[in-house]
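One structure is given here, and the rest of the page talks about it.
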Amino acid sequence: MNYDVIVVGAGPAGLAAALRLATRSSLRVCVLEKAARVGGHLLSGALLDPADLAAVVSDWPPPDPPPLGPHVTQDALYGFTPRHAFPLPRLWSNHGCRLVALGGLCRWMAGLAEAAGAEIYPGVTAAGLLWNGDRLEGVVTGDMGRDAQGRPRPEFQPGMVIRAPLTLLAEGCRGHLGREAIRRLRLDEGRPPQTYALGFKELWELPPDPGHPPGAILHTLGWPLDRATHGGGFFYRFSERQAALGWIVGLDYRHPSMEPLRAFQAWKTHPMLRALLREGRPVGFGARTLVEGGWQAMPRPVFAGGMLVGDDAGFLDAARLKGIGNAMRSGLAAADAAMIAFGQGDFSADGLKSYPAALPDAPWGRRRMAVRNVRPGFRPGLWIGLINAAWERLTQGRSPWTWRWREADRAAMRRIGAQPPLPPLPPSDGRHAFERSHLLALSALTHRADQPAHLVVADPALAVEQGRMLYANPETRYCPAGVFRIVTVPEVALRMQTGDCLHCKCCDIKDPLHNIRWTPPEGGSGPDYGEM
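Here the working numbering runs 33 ahead of the position in the sequence shown, where the first position is 1.
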């Protein structure tokens, strides 16, 4: 198949680009989405500045209104100790933003893009890139219907070659094709290592709360994390009877015994959260990684035949933990550069240079530059991080220095026994904190069991020998879905339950031995986050 532009990923960045191209040019555009439906794999808090969405839709307000939640009406930040909460000053306000369910919003955007002429294919995985030397010429989609040994089943359908002069990689955080392009073309040469966080989200049904009306949001820092680990939680009231809450931990954490999912569940047992969650129940759960490296860690976003957009390029605002608006803006900028390239007939990196050239001058690009030192400032601890964040806010990011990340997240993990024991966490109580099996049942996982394993362990012996001896197999703890386990009969070995995978890609980032690689399974596999 042949198109003018291929967009990989039907998230906010990819759909913004597809909608701009479909409405302002006659280019043939196709969008490939690995989830069974648009929005199925999307997970975010989420807060959105309506101005960012208005920039995407040329006719604003549109006749068919977007599915936006309430405006932010209350905005608070608290520091947590195990039993107490104390207010902290808000350095960046979220007033004016709207609460949104990202999956529903992107399905709405997909409808607009299709009406304008873009072709969108859910359940189709772009499994590999099609290269001609160092020029990208398209993608190869994944096979459907192979068994666990890779043999064709009766319903087997081979993948397709899809060619285009230009491909936009908009896969979100740690995209497997973006990772391949960055590595092959050394797009991150001269940049510090990228850094990530692991985020959890739950959707709850709750009784009305006059003290926390729709639009009320709060963020927390501190407990249950130790002083050397960055992260925090959020609670967003979407409606009278629904709230979203979540928790984020930086994957540059050091302690090999850290269990992010257990810490998230413990966070919900804090007295402030207990009061907010009383008489409620969770109805949705998911996990996803976020890219937090900031301006200084962003790879070069253009190369011959392709561009990185959204979180494939790392556009998250790590100070405010907001990325949807930046993703949309980057998709628009990439689409504008694509139209220039087609006008000139030049799809080289030089022909696409208007895309990176526009980033420093755009208001959203300047905002990202201004917060470049906020996330690195938390490496020495919470209080120094807060003081540094206040300084960067006061100076509007005009510090004459830029802090660089020193090591990849996987290298930050210390060996077992090199750190003091972590404080014990409260057990699951079945009302606020839950066991993993209960939460996975809320993720709407779909995975055909008899398909090739999409999690690749390069050296199984290494995981058992060095992984066990040096780090006590941290993959059994950092994976939110509990995919990895160690068995001892008939021999010690690493086993995987890949059907439980939430596609968060934490293993690909945090494994200290660099021994586990995430690859996409069959199209349509994985969670379905619905209106999460």
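Idealized CB from N, CA, C, for every residue including glycine. Just so it is clear, the structure is predicted and the values come from calculations on it, not from any experiment.
Rounded to whole angstroms, what's the CA-CA distance from residue i to residue j? Just pull it up for me.
i: A146; j: D259; result: 45 Å
i: T322; j: E204; result: 12 Å
i: D108; j: G72; result: 27 Å
i: L357; j: L81; result: The sequence given here has Ile at residue 357, not Leu. Straight-line Cα distance between these residues: approximately 7 Å.
i: F233; j: H74; result: 13 Å
i: D442; j: E325; result: 11 Å
i: G222; j: Y229; result: The sequence shown places Glu at residue 222, rather than the Gly named in the question. E222 and Y229: Cα-Cα distance of roughly 18 Å.
i: A84; j: N127; result: 13 Å
i: D92; j: T479; result: 37 Å
i: P94; j: A181; result: 49 Å
i: L472; j: G265; result: 20 Å
i: E213; j: R550; result: 12 Å
i: G44; j: L132; result: 17 Å
i: A395; j: V342; result: 15 Å
i: G192; j: L385; result: 29 Å
i: P409; j: R437; result: 7 Å
i: N359; j: L458; result: 36 Å
i: R168; j: A486; result: 30 Å
i: G559; j: T158; result: 12 Å
i: F268; j: N548; result: 35 Å
Assuming residue i contacts residue j (C-beta within less than 8 Å), just tell me the rounded distance between them.
i: F336; j: A390; result: Actually they are not in contact, since the Cβ atoms of F336 and A390 sit about 15 Å apart, beyond 8 Å.
i: M361; j: A346; result: Their Cβ separation, rounded to whole angstroms, is 13 Å, which puts M361 and A346 out of contact at 8 Å.
i: R287; j: A505; result: Not quite, the Cβ-Cβ distance comes to about 14 Å (not below 8 Å), so this is no contact.
i: F375; j: L60; result: 6 Å
i: G319; j: S476; result: 6 Å
i: G171; j: I195; result: 5 Å
i: R224; j: Q329; result: 7 Å
i: D462; j: T302; result: 7 Å
i: C537; j: L231; result: 7 Å
How about residue i and residue j: are their beta carbons less than 8 Å apart?
i: G313; j: W237; result: yes
i: G597; j: G208; result: Because the chain is modelled from 34 through 565, residue 597 falls outside the range shown and cannot be assessed.
i: C539; j: Y562; result: no
i: D350; j: C206; result: no
i: L354; j: I281; result: yes
i: E508; j: D533; result: no
i: A422; j: L124; result: yes
i: P185; j: G175; result: no
i: L162; j: A371; result: no
i: A55; j: G166; result: no
i: V489; j: L527; result: no
i: A352; j: V407; result: yes
i: P257; j: A308; result: no
i: W66; j: G102; result: At residue 66 the sequence reads Glu, which differs from the Trp that was named. Against a cut-off of 8 Å, the Cβ pair of G102 and E66 comes out as no contact.
i: L365; j: A49; result: yes
i: R469; j: L306; result: no
i: A197; j: I39; result: yes
i: A412; j: T435; result: This sequence places Arg at residue 412; Ala is not what is there. No, the pair does not count as a contact, with Cβ atoms beyond the cut-off.
i: P247; j: R270; result: yes
i: G144; j: M565; result: no
i: L201; j: M142; result: no
i: Q499; j: P554; result: no
i: L415; j: G317; result: no
i: L310; j: Y111; result: no
i: Y388; j: P334; result: yes
Using a 10 Å radius around the Cβ and a threshold of 16 neighbouring Cβ atoms, would you call residue i buried or exposed?
i: T106; result: exposed
i: A46; result: buried
i: M340; result: buried
i: Q429; result: exposed
i: L210; result: buried
i: T521; result: exposed
i: W215; result: Checking the displayed sequence, the identity of residue 215 turns out to be Ile instead of Trp. Buried, since its Cβ has 16 or more Cβ neighbours within 10 Å.
i: I417; result: exposed
i: P241; result: exposed
i: F517; result: buried
i: F119; result: exposed
i: H117; result: exposed
Would you say the beta carbon of residue i is closer than 7 Å to some non-hydrogen atom of the ligand FAD?
i: G205; result: Absence of the ligand FAD from the depicted structure is noted, as is the absence of any ligand whatsoever, leaving it without description.
When DSSP builds the beta bridges, which residues end up paired with residue i?
i: I153; result: V64
i: R518; result: R528
i: T322; result: L231
i: L427; result: Bridge partners of L427: none, in fact.
i: M340; result: L201 and V335
i: R179; result: P185
i: I549; result: V490
i: S387; result: None; S387 has no bridge partner.
i: W237; result: A276 and P315
i: W164; result: L169
i: F268; result: L251 and L278
i: A505; result: Its beta-bridge partners do not exist; DSSP assigns none.
i: G559; result: T479
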